[in-house]
Each structure stands twice: as structure tokens, then as C-alpha cells.
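> Okay, so the sequence shown: first residue is 175 according to the UniProt record's numbering, each after it adds one.
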Amino acid sequence: VEQALSDGPLKGKHVVVTSGPTHEPIDPVRYIANRSSGAQGTAIAAALVALGARVTFVTGPASVPPPFGVDVLSVETARQMRDAVMNALPADAAVFAAAVADWRVSNAAGQKMKKDGSGQAPALEFAENPDILASVSQLAKGRPSLVVGFAAETNDVVANATAKRARKGCDWIVANDVSEATGIMGGSENEVTLISDQGAEQWPRLGKEDVARRLAERISAEIA
Ligand code: CTP
Ligand code: CA
């Protein structure tokens, strides 16, 4: 069985996949999070394994279990995810499906914050997290030959995602519309546009597994 699983067009290729949300602590018992389930990243990792890739799966606290056959690196915060990704390189390709928190709480408390009886709410301060996708895309040495980002947008999806691809320096962006009306965020389907130097290619609304299989096939065609 193991032999069968490791066969396929991506045999011998290493792919790093990030997935899930990150949690950014407020104090030891509270955190800032987002609605990512990790389903899309998990499906992509599984589809890459099915094509024979060795996959390092760097995951935040997701609500779905990691797929079989990957090397799992579990992290909590964006900074931990960045460190895990950097340590996992070199790779032939990297896919950034995680919903990384854009900000962390810079005045997080070392002890549980307590009400002081004054009725005053605490003020949280924020600092921007490192951009993992941009850091890897812009590596001078050891850049994976294919770097794939996601772009979660609620409006002007293709324009925003095309600008994001240029700004970050990744090869492909998988853009999706996460506006509330689509029901995409946290759901089982995805409707994406693949943006590359060839332009924007709209895919039909598909189950996340089918989006994953299609993307894995494209990755395979590019790097195998
Ligand atoms: N990403 C990342 N590190 C971050 C933020 C985002 O690696 N600190 C990656 C995501 O995994 C995704 C891509 O960058 O592949 C785009 O994420 P998105 O949230 O759409 O873009 P941002 O650059 O954070 O811009 P904004 O949220 O302001 O639209
Ligand atoms: Ca963001």
C-alpha cells in the first residue's frame, strides 16, 4: 500500500502546504481567530499525496483533521507558522492555503486578564504579522520553483487578487470570493479563479475536494 501511495507523477517532489486559521493570544486563555476550517488546505494536501508528493503540512488549529500520509507540523500563531515553513524548506512547490491572522495582539497579557470592577474594558493593541507567502515568494536563495497563494476577497475579486499576486511575488494566486452571500467561508464548496502570468481562469463552483484535485493536477503539470 505504501508503495502504491508514493507512486505517481509527483513522486520525489516535496511540497509545503499551509492550512487552517492561526490563533493569536490575548492572554493565556483567550485568542483572536477566524472562520477558516482548514478544509481546503487539507483537501489540497491529500490530493498532492495522492499524486505521490511528499507533503509537509503546516497547520494552525483547524476544525478538520489533517490528511493521511503527510508530515504534520502543528502551530498556533502566525509567527510559529512562518518559522515552521522556513524550517520545512527546501521544497519544489509551496501552497499557502492558511488563513493567517493579519495582526497579533502586541500587548497580550502573561496572566489571565481580570475585570477590575471599574466597568472599563481593556484596550487591545495590534501589530502586523509577518507575511509568510511574500517572504517565501521573495526568497533570494532556496525559493520553491512554484509558489501558490490564495486570496480571500469580498469584492473586486480578480482585480484585488491580481494586485496581490504582483505585490507578493508568487507565481499563482487562487482567488476566492468569501463575501457572506457566497457561503464559501466555512462551507464545503469553493468557487475560485486561478491567476497566473497567463491571466485569470475562472473555475466552476466545485466541492473543495474537486478544487484540490484540479489544483494538484495543475501543480503536477508544472513541476513534475
Ligand atoms: N498569507 C501569509 N501570511 C500572512 C497573510 C497572508 O502567508 N501574514 C497568505 C495566505 O495564506 C494567502 C495569501 O497570503 O495565501 C493571501 O492572504 P490574504 O489574507 O488574502 O491577503 P493579505 O495579504 O493578508 O491581504 P488582506 O487580508 O489585507 O486582503
Ligand atoms: Ca489577510
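Where is the CB? At the ideal position from N, CA and C, for every residue including glycine.
Compute the Euclidean distance between the alpha carbons of residue 202 and residue 285, then round it to the nearest angstrom.
Approximately 6 Å between the Cα atoms of the pair.
> For residue 348, verify whether its CB is less than 8 Å away from any heavy atom of ligand 2.
The answer is no for residue 348.
> Check whether the Cβ of residue 281 sits closer than 8 Å to any heavy atom of ligand 1, and report yes or no.
No, the beta carbon of residue 281 sits no closer than 8 Å to any heavy atom of ligand 1.
> Less than 6 Å between C-beta atoms, sequence neighbours within five positions excluded: which residues of the same chain meet that for residue 336?
Closer than 6 Å at Cβ, skipping near neighbours: 369.
> With residue 278 and residue 303 assumed to form a contact (beta carbons below 8 Å), what rounded beta-carbon distance in angstroms separates them?
About 5 Å; that satisfies the 8 Å criterion.
> So, helix, strand or coil for residue 320, using DSSP?
Strand, per DSSP.
> Who are the near neighbours of residue 195 in its chain, counting only those whose CB is closer than 6 Å to its CB and skipping five residues on each side?
Here the set comprises 207, 208, 210, 234, 273.
> What are the residues that DSSP puts in a beta bridge with residue 351?
In DSSP, residue 351 forms a bridge with 327.
> What do you reckon, are the CB atoms on residue 345 and residue 322 nearer than 9 Å?
For residue 345 and residue 322, yes; Cβs fall inside 9 Å.
> Out of 231, 236, 238, state which residue places its alpha-carbon closest to the alpha-carbon of residue 246.
The residue with the shortest Cα to Cα distance from residue 246 is 231.
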